[in-house]
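One structure below.
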C-alpha cells in the first residue's frame, strides 16, 4: 500500500482519464504496447477478422506532485520504451515517404498492367 487515495478516474470524451501516477503509467504502458505491435507488424490490416487497434489522442492527466519514488524506475523504463518506439516510427515514416516518392517517379507507365493473353487450355 502506498498511502495514496484509492484510484479515481475522470471522464474525458469517450474514455476515462487516469488520475493517479500508477494509473497514468499503466495507461501509457498500454499505449506503448499497442504502438509497438503496430510498428512491428508487417501488415496490421492483413488479419481481416482482427479488430483494428485505435489509440485515443493523449492529453496529460491532472496529476499532483512528482512521480512517487516507488514508480520512478517503472517511469524511466517507460520513457526508454517510448524512445525506441519513436525511432521505429520515424524510420517507418521515412521508408513510407521514400516508397511513395519512388512510386510517383515511376509514373503510370511502370505500374503493373493486366495480362494481355487468355489461357484457353485451363
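Residue numbers (UniProt numbering): 1 to 122.
Ideal Cβ placement from N, Cα and C applies to all residues, glycine included.
query, result
"Would you report the Cα separation of residue 65 and residue 75, rounded to the nearest angstrom?", "14 Å"
"Find the nearest neighbour of residue 67 within the set 117, 26, 81, judged by alpha-carbon distance.", "26"
"Would you call residue 20 buried or exposed, if buried means 16 or more other Cβ atoms sit within 10 Å of its Cβ?", "buried"
"For residue 7, I'd like the list of residues in its chain whose CB is within less than 6 Å of its CB, leaving aside the five on either flank, ordered along the chain.", "Summary for residue 7: the model assigns pLDDT 41, below 50, so the residue's position carries little reliability, and this model does not support an answer."
"Any idea what DSSP makes of residue 55, helix, strand or coil?", "coil"
"Using the Cβ count rule (16 or more neighbours within 10 Å means buried), how would you classify residue 211?", "Because the chain here runs from 1 to 122, residue 211 falls outside it and cannot be looked at."
"Cutting at 8 Å between CB atoms, please list the residues of its own chain near residue 34, excluding the five before and the five after it.", "53, 55"
"At the level of alpha carbons, what is the spacing between residue 104 and residue 78?", "39 Å"
"What are the boundary residues of the alpha helix (DSSP H) that includes residue 91?", "72-106"
"Thinking C-alpha only, which one of 102, 118, 40, 29 is nearest residue 71?", "29"
"Candidates 98, 118, 82, 59: which alpha carbon is nearest residue 126's?", "A query on residue 126 cannot be resolved here, the shown segment of the chain reaching from 1 to 122 and no further."
"In whole angstroms, what separates the C-alpha of residue 80 from that of residue 106?", "39 Å"
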